[in-house]
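4 protein chains.
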Amino acid sequence: MHIMEHTTEFRVRYAETDQMGVVYYANYLIWFEVARTEFFRERGVEYKKLEDEENIYLPVVESYCRYKSPLRYDDVVTVHTKLASVGASRITFEYSVKSAALVNAVGWTKHAFIDAQGKPIKVPAKVRKIFEEGN
Amino acid sequence: MHIMEHTTEFRVRYAETDQMGVVYYANYLIWFEVARTEFFRERGVEYKKLEDEENIYLPVVESYCRYKSPLRYDDVVTVHTKLASVGASRITFEYSVKSAALVNAVGWTKHAFIDAQGKPIKVPAKVRKIFEEGN
Amino acid sequence: MHIMEHTTEFRVRYAETDQMGVVYYANYLIWFEVARTEFFRERGVEYKKLEDEENIYLPVVESYCRYKSPLRYDDVVTVHTKLASVGASRITFEYSVKSAALVNAVGWTKHAFIDAQGKPIKVPAKVRKIFEEGN
Amino acid sequence: MHIMEHTTEFRVRYAETDQMGVVYYANYLIWFEVARTEFFRERGVEYKKLEDEENIYLPVVESYCRYKSPLRYDDVVTVHTKLASVGASRITFEYSVKSAALVNAVGWTKHAFIDAQGKPIKVPAKVRKIFEEGN
């Protein structure tokens, strides 16, 4: 199984800094979400349509981030995303946040799959397929 | 008609600052929203229930803010809120953001009333009543 | 004087939505800021360097936004930016937020120029030049 | 050593919800920060003054959150905060986010101590003292 990372690139927004002069720590979780959306899109799955057309939702059940080196306003950031594991009803993404050659942060999020009523459901076949084909 | 202002008090969050060392300008609009919720509650209207139980929504159609003096992390802020005008299908709130004796910002938001399908509706009687009694 | 608009494009983040299912109104001000940064960059002025190297800051002194049509998660948004006026110590940007052929919002921000001590300063020559050449 | 938790209470802001109708996951980290500030204040340490007067900063080096039960707009939330461990140059806070009798989320943040130049420093005596006296 070969692993292809997905990469999302953007610039740090002024709004994302705090008075320490660096990116406020909660914003990394927002970037993880942006990266997940693009990860899915590149593999032919539009997360928006999962919600709108199939009533499948992926709430985060756990999040973790290690902040190694601060990012600043206007830095060009890339987030590298991998589907790290897929269980019966949970999936885990791993992220690496980089600028230039530096790894600024690493983290992961674990997700459940639920329906519109909030009831847990199995990982949909199309998502499982992404993992099995190597993501 | 006597005018009673509603006052909401809180402290500036670290997350609300930016690298200029002051509160980022978009956060004032978030505070206006917090103040609106409390304004309604004090007059016996829970905005949450308007949405959940009556399918009435108040999207913002215009916002304005004038920033007079910056606020900083941990400052104790009060937002003074008034229902400035009520039309057939629009209402306008006015806000004054203060810390100690200083007026840090003033602004207003204009709102439409819509139903769950996004269709414009008249200002509900209970909201109109707040205004007529003097808010 | 010919006017060239600058255009910034991005997708709506999940984090930018609220429970009404549309973009929360304060986020438009964040997008205006992203658009300003890119407006300057395209004209050879890095706002980051204005702050870091020249100790020139552009705090917002007024903001206005009219919300015409809601935006949703994953929509592709473009913000069109113009330098609308330049006074002795103030400048005003105008923004138009679009998706497909629709204008979703319009707004403006007025800025002062200050130094690192917060003292008002004149609009720097390089910023004035952008306007005079037609922005 | 007796352990006294600190409790911070507030209501969920509309801005903190997303289109799933619940609080967006990154906001829990913002609440952790609000809770830390109040934890310190209650023990006689103003974090603001640590930064402003002593040039001591507490950047987050790791964060973790487990989301157990979603929170909604206008919910009354309490965050319970404990200083879980104090090392030579690192401290860890633990948080429990509750509404009514329910535990909605638990998490922790690990912090370094640095000076104004970003150089790591030892945990200051006054912070160590909080821990030794039982927090």
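Chains as they are written, first to last, in this note's numbering: chain B, 1 to 135; chain P, 136 to 270; chain U, 271 to 405; chain C, 406 to 540. Just so you know, even glycine gets a beta-carbon here, dropped at the ideal spot from N, CA and C. Predicted, not measured: the structure shown is a model, and the values here were computed from it.
Query                                                                                                                                                                         : Result
On the DSSP bridge list, what partners appear for residue 237 of chain P?                                                                                                     : P:234
Cβ closer than 9 Å: which chain B residues qualify as neighbours of residue 464 of chain C?                                                                                   : 20, 22, 25, 67 and 70
Exposed or buried, what is residue 147 of chain P when buried is set at 16 or more other beta-carbons lying within 10 Å of its beta-carbon?                                   : buried
Name the two residues that bound the continuous alpha helix (DSSP H) containing residue 34 of chain B.                                                                        : 27 to 42
Can you list, in chain order, the stretches of the alpha helix (DSSP H) that have 4 or more residues and sit fully within the region 33 to 93 of chain B?                     : 47 to 54
Closest by CA to residue 433 of chain C, which one among B:63, B:51, B:19 and B:123?                                                                                          : B:63
Near residue 311 of chain U, which residues of its chain fall below 8 Å by C-beta distance, leaving aside the five closest residues on each side in sequence?                 : 317
Distance, Cα to Cα, residue 230 of chain U vs residue 70 of chain B?                                                                                                          : This structure leaves residue 230 of chain U out entirely; chain U is present only between 271 and 405.
Closer than 9 Å, CB to CB, is residue 197 of chain P near chain U or not?                                                                                                     : yes
In whole angstroms, what separates the C-alpha of residue 287 of chain U from that of residue 265 of chain P?                                                                 : 29 Å
Nearest chain B C-beta to residue 435 of chain C closer than 9 Å, yes or no?                                                                                                  : yes
Quick check on the DSSP output: the alpha helix (DSSP H) that includes residue 161 of chain B runs from which residue to which?                                               : Because chain B here runs from 1 to 135, residue 161 of chain B falls outside it and cannot be looked at.
Output, in sequence order along the chain, the residues in the region 485 to 503 of chain C whose CB is closer than 8 Å to any CB in chain U.                                 : none
Is the beta carbon of residue 67 of chain B sitting closer than 9 Å to the one on residue 80 of chain B?                                                                      : no
When the Cα atoms are used, what is the spatial distance from residue 327 of chain U to residue 430 of chain C?                                                               : 33 Å
Candidates C:457, C:460 and C:497: which alpha carbon is nearest residue 441 of chain C's?                                                                                    : C:497
If you measure from the beta carbon of residue 375 of chain U to each beta carbon in chain B, is any gap under 9 Å?                                                           : no
Out of U:356, U:386 and U:291, which has the shortest C-alpha to C-alpha gap to residue 155 of chain P?                                                                       : U:386
Any Cβ of chain U within less than 9 Å of the Cβ of residue 420 of chain C?                                                                                                   : yes
Quickly, what does DSSP pair residue 10 of chain B with across the bridge? List them, please.                                                                                 : B:77
If the cut-off is 8 Å on Cβ atoms, which residues from the region 33 to 46 of chain B count as contacting chain U, listed in chain order?                                     : 33, 34, 37 and 46
According to DSSP, residue 293 of chain U sits in a beta bridge with which residue or residues?                                                                               : U:287
Quick one: what does DSSP say residue 137 of chain P is sitting in, helix, strand or coil?                                                                                    : Model confidence at residue 137 of chain P stands at a pLDDT of 46, short of 50, so the residue's coordinates are unreliable; what they give is reported in the following sentence. Reduced to three states, the DSSP call for residue 137 of chain P is coil.
For residue 450 of chain C versus residue 415 of chain C, is the C-beta distance shorter than 9 Å?                                                                            : no
Between residue 413 of chain C and residue 483 of chain C, how many whole angstroms is the CB-CB distance? I'm expecting something under 8 Å.                                 : 7 Å
Take residue 313 of chain U and list the residues in its own chain whose beta-carbon comes closer than 6 Å to its own, dropping the five residues that flank it on each side. : 400
Looking at chain C, is there any beta carbon in it that lies within less than 9 Å of the beta carbon of residue 53 of chain B?                                                : no
For residue 367 of chain U, which of U:300, U:319 and U:331 has the nearest alpha-carbon?                                                                                     : U:300
Please name the residue in C:508, C:459 and C:465 whose C-alpha comes closest to that of residue 517 of chain C.                                                              : C:465
Using 9 Å as the limit for Cβ to Cβ distance, is residue 520 of chain C near chain P?                                                                                         : no
In angstroms with no decimal places, state the Cα-to-Cα distance between residue 241 of chain P and residue 220 of chain P.                                                   : 16 Å
Under 9 Å, Cβ to Cβ, is there at least one residue of chain B near residue 398 of chain U?                                                                                    : no
Output the distance between the C-alpha atoms of residue 353 of chain U and residue 507 of chain C, rounded to the nearest integer angstrom.                                  : 51 Å
With burial defined as no fewer than 16 other Cβ atoms inside 10 Å of the residue's Cβ, what is the status of residue 370 of chain U: buried or exposed?                      : exposed
Tell me whether residue 377 of chain U sits in a helix, a strand or coil according to DSSP, three-state version.                                                              : strand
Using a Cβ-Cβ distance cut-off of 9 Å, determine whether residue 415 of chain C contacts chain P.                                                                             : yes
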